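Take the sequence shown: its letter number 8 is residue 407 in this note's numbering, and every next letter is one higher. The beta carbon of each residue, even a glycine, is placed where N, CA and C say it ideally should be. Just so you know, these numbers come straight off a predicted model, no measurement behind them. In what follows, a single structure is set out as structure tokens and then discussed.
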Amino acid sequence: MKRFQLCVVATALSAFLCSAIFAADFSKTSEADLIKLSGVVKVEDFADYQIEIAKRLKKKSEKDAQAFKEKLKAQYEKATENLSVKQLREYKKSTQEAMKKRIESMSVKELQESGLPFHKHFDKAKGDGKSSCKERKLSKDSKK
């Protein structure tokens, strides 16, 4: 039985390491290609994709960033228009879970450098134990 458990743990660890080694690198991808990937990026690559988008938006002027966001949104809607509501919800849920896992594995410094919106990593940076911005807001409102 212990041998079986050891095999399961070894398999899980090797799968994790392989996924880390073969993670998608979007840093060399052109903006046009990033836009084309909007709505069709694989769930396992979604966190890296989102972080690269955030970094690029951070470097752009407000006007250019807004135009880039609009192109991303238009492509996302085009790519997901043929999905059923159930499929779209599953995709969104799985991408949110992938982002959550990725954020939890990052250090505070990595989070700050990632360019992700502050509220998405506020809990980890502050270390206050609240699970969401809404909970924090509710706790502030209840103190008033």
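Stretch-stretch touch, CB-based, cutoff 8 Å, three pairs: the stretch 433-450 with the stretch 461-475 = At 8 Å Cβ cutoff, the stretches touch.
request  = Within the same chain, show all residues whose beta-carbon is closer than 6 Å to that of G514, passing over the 5 residues directly before and after it, in chain order.
outcome  = Cβ neighbours of G514 within its own chain (closer than 6 Å, five residues either side excluded): A453, K454 and K457.
request  = Return helix, strand or coil for T428, following the three-state DSSP convention.
outcome  = T428: coil per DSSP, three-state reduction.
ask   = Are the beta-carbon atoms of T494 and F445 separated by less than 8 Å?
value = With respect to F445, T494 sits close: the two C-beta atoms are nearer than 8 Å.
request  = Using beta-carbon positions only, say whether Q449 and M498 come within less than 8 Å of one another.
outcome  = Going by C-beta atoms, Q449 is nearer than 8 Å to M498.
query = At what residues does the alpha helix (DSSP H) containing M505 begin and finish?
reply = Careful: M505 lies outside any alpha helix (DSSP H) and carries neither H nor E.
ask   = Do you know offhand how far V439's Cα is from T479's?
value = Approximately 8 Å, taken between the alpha carbons.
task = Report the rounded CA-to-CA distance for S460 versus A466, giving the unit in angstroms.
result = Cα to Cα, S460 sits roughly 10 Å from A466.
message = So the candidates are V442, K468 and E430; which of them puts its Cα closest to the Cα of A423?
response = For A423, the closest C-alpha among the options V442, K468 and E430 is that of V442.
task = Entirely within the stretch 461-494 and at least 3 residues each: give me those beta strand (DSSP E) ranges in chain order.
result = If we require 3 residues or more, the stretch 461-494 turns out to have no beta strand (DSSP E) run fully inside it.
key: Endpoints, the alpha helix (DSSP H) within which A423 is located   = Looking at the DSSP string, A423 is not in any alpha helix (DSSP H), and its letter there is neither H nor E.
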